[in-house]
Amino acid sequence: MTRRNPPAAWAAVVVLLLAAAAALLAAPATLSAPAAPAVPAVPQGSAEATLEHLKALSQSIGPRAAGSAGDQRAIEYVAREFEALGYTVQRQSFPFHYFEEVQASALTVLGAAAERISPFTMLYSTSTPNAGIEAEVVAAGLGRREDFGGRQVEGKIALVERGQIFFSEKVANAASAGAVAVLIYNNQPGPPAVGTLAGPSRIPAVAISRDDGQSLLRRAGTGPVRARLVVRTISEQRTSFNVIGVKRGATLPGEVVVVGGHRDSVPVSPGANDNASGIAATLEAARLLARTPTARTLHFVAFGAEELGLYGSRFYAQNPPGTIVGMINMDMVGRGPLQVGNSNDDNRLVELAEQVARRLGLRVTRFKLRGSSSSDHASFESAGVPTAFIHTGDDPVIHTPNDTLERVDPALMAQAATLAAQLALEIAGPVR
Ligand SMILES: [Zn+2]
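Positions in the sequence shown are counted from 1; adding 50 to them yields our numbering.
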């Protein structure tokens with residue numbers, strides 16, 4: 051993660067923004083009352099309450115891949131919780147490209163010392179023929195275009211390292227160079243890290259661990275190595291849902307403040323930090339504001355199909371329910387220092403979030419999410435909406451079976467919920 055400190059000029063912008071916000075919010079109040087009501091402090095988020103949601107999502111339900119039975123149970127769970135808090139629930143359906151691994155992929159390194167490796171199938175990997183693909187394994191660096199220059203990979207299996215560019219780019223580069231399949235080895239210790247190819251791939255692709263990758267690299271360095279890869283998957287168009295808890299604004303109902311995160315996980319992971327923690331904090335923020343009337347409309351959203359390529363949030367942002375004034379995203383808020391940031395140079399909401407955090411006595415640091423990872427705020431940035439991404443930093447075990455409840459700190463989720471609720475109230479505007 052990149053962390054930048056903004057130039058001093060931003061301080062002036064914050065003051066301007068607050069004045070503008072007060073003026074804006076004053077508008078409806080002044081119509082009815084001279085001075086804008088002061089923004090009341092929201093109650094503190096409860097670590098116990100967030101822990102209950104975390105248990106329900108990451109333990110009782112478990113993996114919640116888009117389109118799966120687990121995700122359907124999570125949709126019902128979130129809808130019930132919003133209803134119980136008094137919010138009107140909307141299930142916004144959207145199309146997405148469904149992906150399923152029909153059987154576990156298998157990789158066998160052939161030769162005298164035949165070795166079986168258990169790879170993870172990349173999301174949207176196409177299938178091999180039933181009998182699999184048997185070919186020589188060739189190392190190709192990070193899988194960038196230049197890594198294939200001068201390398202003979204035609205009809206072979208490319209072995210590339212994770213990092214720097216998107217997984218989908220590595221696989222596309224390998225396919226363009228004539229490779230018949232791709233093995234992506236982790237650049238972190240531990241199990242393989244699964245990621246999305248953001249759409250059906252041209253050639254099969256799997257993830258293997260750093261250890262397996264480096265041992266293959268060593269073997270390929272001493273002479274030709276052959277392997278057989280079997281991948282069986284389904285990849286088709288399906289429908290999923292964003293679950294929205296709505297509280298209609300009292301004076302500016304056509305202006306909407308969005309607070310949320312993604313509900314889904316990757317197929318192999320219970321997704322405790324990524325992202326049951328964000329949904330737990332979203333439900334808790336909804337509880338903190340359940341009894342507080344606001345000028346603008348509040349939408350608390352559990353987005354679907356983020357892991358496959360931001361499908362739910364992109365659909366929502368491209369089909370807005372009104373004028374979206376700001377979006378507060380919570381993704382991975384369970385482990386590490388509390389941070390606020392986003393992925394573009396519009397820092398208005400990030401600045402306000404820092405102001406609010408200071409008022410709440412919360413220590414936060416700023417970050418910019420650039421490069422090979424993304425999250426739902428990016429869909430809103432593409433639509434020109436100011437965003438604040440509340441996050442607790444990178445976590446090496448996300449997207450693996452080890453992203454479990456024990457590793458998540460409920461106090462952090464409660465802090466994220468309090469910050470999100472207070473920030474939402476700041477821009478949604480209290481009414482008398
Ligand atoms: Zn996530």
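Backbone N, C-alpha and C define an ideal beta-carbon position, used for all residues, glycine too.
Would you check whether ligand 1 has a heavy atom nearer than 7 Å to the C-beta of residue i?
{"i": "Met377", "result": "no"}
{"i": "His312", "result": "yes"}
{"i": "Met382", "result": "yes"}
{"i": "Ser424", "result": "no"}
{"i": "Asp395", "result": "no"}
{"i": "Asp324", "result": "yes"}
{"i": "Glu196", "result": "no"}
{"i": "Glu133", "result": "no"}
{"i": "Glu219", "result": "no"}
{"i": "Glu356", "result": "yes"}
What are the boundary residues of the alpha helix (DSSP H) that residue i is part of?
{"i": "Thr347", "result": "First-last for Thr347: 346-353, but that is the beta strand (DSSP E), not the alpha helix (DSSP H)."}
{"i": "Thr437", "result": "No alpha helix (DSSP H) holds Thr437; the beta strand (DSSP E) holding it covers 437-441."}
{"i": "Asn369", "result": "First-last for Asn369: undefined, no H or E at that position."}
{"i": "Phe430", "result": "427-432"}
{"i": "Asn236", "result": "No alpha helix (DSSP H) contains Asn236, which DSSP labels as neither H nor E."}
{"i": "Ala461", "result": "460-478"}
{"i": "Leu455", "result": "Unbroken run through Leu455: none, as it is neither H nor E."}
{"i": "Arg149", "result": "Checking the displayed sequence, the identity of residue 149 turns out to be Phe instead of Arg. Careful: Phe149 lies outside any alpha helix (DSSP H), inside the beta strand (DSSP E) at 138-159."}
{"i": "Leu399", "result": "398-410"}
{"i": "Val316", "result": "Val316 -> no alpha helix (DSSP H), and no H or E assigned at all."}
{"i": "Leu333", "result": "327-338"}
{"i": "Glu133", "result": "119-134"}
{"i": "Glu219", "result": "217-226"}
{"i": "Asp30", "result": "No answer is possible for residue 30: the residues shown for the chain start at 51 and end at 482."}
{"i": "Glu196", "result": "195-198"}
Which whole-angstrom value is the C-beta distance of residue i and residue j, which I expect to be below 8 Å?
{"i": "Thr289", "j": "Tyr174", "result": "With a Cβ gap of about 17 Å, Thr289 and Tyr174 do not count as contacting."}
{"i": "Ala335", "j": "Ala270", "result": "The Cβ separation is near 51 Å, so there is no contact."}
{"i": "Val244", "j": "Ala208", "result": "Not confirmed; about 18 Å, so no contact."}
{"i": "Ala464", "j": "Ala97", "result": "4 Å"}
{"i": "Pro242", "j": "Pro303", "result": "Contact flag wrong, Cβ pair sits at about 48 Å."}
{"i": "Val306", "j": "Thr373", "result": "7 Å"}
{"i": "Arg268", "j": "Ala185", "result": "At roughly 19 Å, the Cβ-Cβ gap does not stay under 8 Å, so Arg268 and Ala185 are not in contact."}
{"i": "Lys297", "j": "Tyr127", "result": "At roughly 19 Å, the Cβ-Cβ gap does not stay under 8 Å, so Lys297 and Tyr127 are not in contact."}
{"i": "Ser393", "j": "Leu358", "result": "The Cβ separation is near 19 Å, so there is no contact."}
{"i": "Asn237", "j": "Arg260", "result": "7 Å"}
{"i": "Val293", "j": "Ala129", "result": "5 Å"}
{"i": "Val187", "j": "Gly228", "result": "Not really, about 14 Å apart at Cβ, beyond 8 Å."}
{"i": "Ala248", "j": "Ile234", "result": "Actually they are not in contact, since the Cβ atoms of Ala248 and Ile234 sit about 14 Å apart, beyond 8 Å."}
For residue i, which residues from the same chain have a beta carbon less than 7 Å from its beta carbon, with the 5 sequence-adjacent residues on both sides left out?
{"i": "Glu150", "result": "Thr283, Ile284"}
{"i": "Ala355", "result": "Ala116, Phe146, Ser290, Asp314, Tyr361, Gly362"}
{"i": "Ala77", "result": "Note on Ala77: pLDDT 45, under 50, position unreliable in the model; no value is reported."}
{"i": "Ala99", "result": "Glu334, Arg337"}
{"i": "Ala124", "result": "Leu107, Ile111, Arg114, Arg313"}
{"i": "Gly479", "result": "Leu75, Thr344, Ala345, Arg346"}
{"i": "Leu473", "result": "Ile378, Leu402, Ala403, Val406, Ala438"}
{"i": "Ala470", "result": "Val309, Ala331, Ala335, Ile378, Met380, Ile440"}
Output needed for residue i: all residues of its chain with C-beta closer than 6 Å, excluding positions within five of it in sequence on either side, in chain order.
{"i": "Phe417", "result": "Met51, Arg53, Gln389, Gly391"}
{"i": "Phe430", "result": "Ala367, Met377, Thr437"}
{"i": "Gly328", "result": "Gly311, Met380, Asp381, Val383"}
{"i": "Gly386", "result": "Thr442, Gly443"}
{"i": "His103", "result": "Ala330, Leu333"}
{"i": "Ala467", "result": "Gly95, Ala331, Glu334, Ala335"}
{"i": "Ala58", "result": "Bear in mind that the predicted position of Ala58 carries a pLDDT of just 42, short of 50, making it too unreliable to give a figure here."}
{"i": "Ala322", "result": "Ser108, Asp453, Thr454, Leu455, Val458"}
{"i": "Val226", "result": "In the sequence as displayed, the identity of residue 226 is Ser instead of Val. The answer is none, since no qualifying residue turns up."}
{"i": "Ala71", "result": "Because Ala71 carries a pLDDT of 44, less than 50, the predicted location of this residue cannot be relied on, and no value is offered for it."}
{"i": "Ala73", "result": "With a pLDDT of 46 at Ala73, under the threshold of 50, the predicted position of this residue should be treated as unreliable, and no value is reported."}
{"i": "Gly166", "result": "Correcting the residue identity first, residue 166 is Arg in this sequence and not Gly. Same-chain partners within the cutoff: Thr158."}
{"i": "Ala428", "result": "Ser393"}
{"i": "Ser218", "result": "Leu247, Ala248"}
How is the beta strand (DSSP E) around residue i delimited, first residue to last?
{"i": "Leu107", "result": "No beta strand (DSSP E) holds Leu107; DSSP gives it neither H nor E."}
{"i": "Lys418", "result": "415-418"}
{"i": "Gly391", "result": "389-392"}
{"i": "Lys297", "result": "276-297"}
{"i": "Leu266", "result": "Unbroken run through Leu266 is the alpha helix (DSSP H), 260-272; no beta strand (DSSP E)."}
{"i": "Ile184", "result": "The question names Ile, but residue 184 is Glu in the sequence shown. Element bounds for Glu184: 183-189."}
{"i": "Val537", "result": "Outside the modelled stretch of the chain, which goes from 51 to 482, sits residue 537, for which no answer is possible."}
{"i": "Arg166", "result": "165-167"}
Report all residues from its chain with a CB closer than 8 Å to the CB of residue i; omit the five preceding and five following residues, and keep chain order.
{"i": "Pro451", "result": "Pro241, Val318, Ser319, Pro320"}
{"i": "Tyr148", "result": "Ala116, Gly117, Ile284, Ser285, Glu286, Gln287, Arg288"}
Closest Cβ-Cβ distance between residue i and chain B: below 8 Å?
{"i": "Leu104", "result": "Absence of chain B from the displayed structure is noted, only one protein chain being present."}
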